[in-house]
Amino acid sequence: MLSPLYSESVIADRVREIAERMNADFKNADIVHVIVTLNGSFMFAADLVRQLRFPIVMHFAGATSYTGVERKQLRINAEALPPSFGNKPVILIEDIVDTGNTIGALRQMIAERFASEIKVAALLRRQSGGGKADYYGFTVPAGLFVVGYGLDLDGRYRELRDIKTVGVTTSTAGDARNLC
Ligand code: 5GP
Ligand code: MG
0 MLSPLYSESV IADRVREIAE RMNADFKNAD IVHVIVTLNG SFMFAADLVR
50 QLRFPIVMHF AGATSYTGVE RKQLRINAEA LPPSFGNKPV ILIEDIVDTG
100 NTIGALRQMI AERFASEIKV AALLRRQSGG GKADYYGFTV PAGLFVVGYG
150 LDLDGRYREL RDIKTVGVTT STAGDARNLC
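Numbering follows numbering that gives the first Met the number 0, in which position 3 of the sequence shown is assigned residue number 2; successive positions increment by one, without gaps.
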């Protein structure tokens, strides 16, 4: 059963705020590399980058850690990343940061490839998950698995325009809405 958590318009407002902060932070940058973690971040990234007003080069890196709602071993496919970022800044776009393992592993790979700085933009971060982001949209309560707006459950629900929780009551989800 799916229950609503963050609506399309609430998400759009947060994505706009993140884009405006980035536009201020990188207003003098000549080029910034943007890395999108696939698959879950595709929709967030598409909405975010269309609002950026500084020059970017985009890259995509596959990262998988879940089967269904169960965590499995983290696998990262970074073959599409360039061997060097040429001492330019890198923004890493992630759908949800939980333990931070995924962005931690990617951070290391990026640092080894000569990035001048690394910033993480996560649409969601999990409360008490331990992972950190420089820009984030919402804090998801510890026990909730979320889908929609790019996030999946075994490949399903990525196409949803809003974010929903799997298998929780609406009242729990209602509380979560105040947690951003
Ligand atoms: P971390 O490596 O930070 O522990 O976990 C982050 C990754 O796990 C995310 O990139 C995402 O792919 C997956 N993940 C964590 N929580 C959820 C969730 O609630 N829903 C979905 N669909 N994926 C999640
Ligand atoms: Mg992910």
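For every residue, glycine included, the Cβ atom is placed at its ideal position computed from N, Cα and C.
Model, not experiment: these values are computed from the prediction.
Note on the segment 91-173: whole alpha helix (DSSP H) runs with a minimum of 4 residues are 100-111, in chain order.
Sixteen is the threshold: when 16 or more other Cβ atoms of the shown chains lie within 10 Å of the Cβ of GLU93, as they do, the residue is buried.
Around the beta carbon of ASP153, fewer than 16 other beta carbons sit within 10 angstroms, so the residue counts as exposed.
In the same chain as ALA114, and ignoring 5 residues on each side of it, the C-beta atoms closer than 8 Å to its own belong to HIS32, PHE84, ASN86, LYS87, PRO88 and VAL89, in chain order. In this chain, the alpha helix (DSSP H) harbouring MET21 covers 7-24. For LYS87, the beta-bridge partners assigned by DSSP are ALA114.
In the DSSP assignment, VAL48 falls within the unbroken alpha helix (DSSP H) covering 41-48. Using a cutoff of 7 Å, the CB of ALA18 does not count as near ligand 1, since none of the ligand's heavy atoms is closer than that.
The closest CA to that of LEU150, considering only THR36, ALA23, ASP29 and LEU51, is found on THR36. Separation of GLU116 and ALA23 (C-alpha to C-alpha, rounded to the nearest whole angstrom) is 16 Å. According to the DSSP assignment, VAL56 belongs to the beta strand (DSSP E) that extends over 55-66. A check of alpha carbon separations from GLU78 across ASP133, ILE34 and TYR148 identifies ILE34 as the nearest. Sequence-distant Cβ neighbours of VAL145 in its own chain, meaning closer than 8 Å and more than five residues away, are LEU4, ILE95, LEU123, VAL139, ILE162, LYS163, THR164 and VAL165. Distance from the Cα of ALA121 is smallest, within the candidate group SER127, ILE109 and TYR134, for TYR134. Membership of ILE30 in any beta strand (DSSP E) is not indicated, and neither H nor E is assigned to it by DSSP. Contact between ALA104 and ARG125 fails: their C-beta atoms lie close to 17 Å from each other, not under 8 Å.
Here ILE30 is exposed: its Cβ has fewer than 16 other Cβ atoms, across all protein chains shown, within 10 Å.
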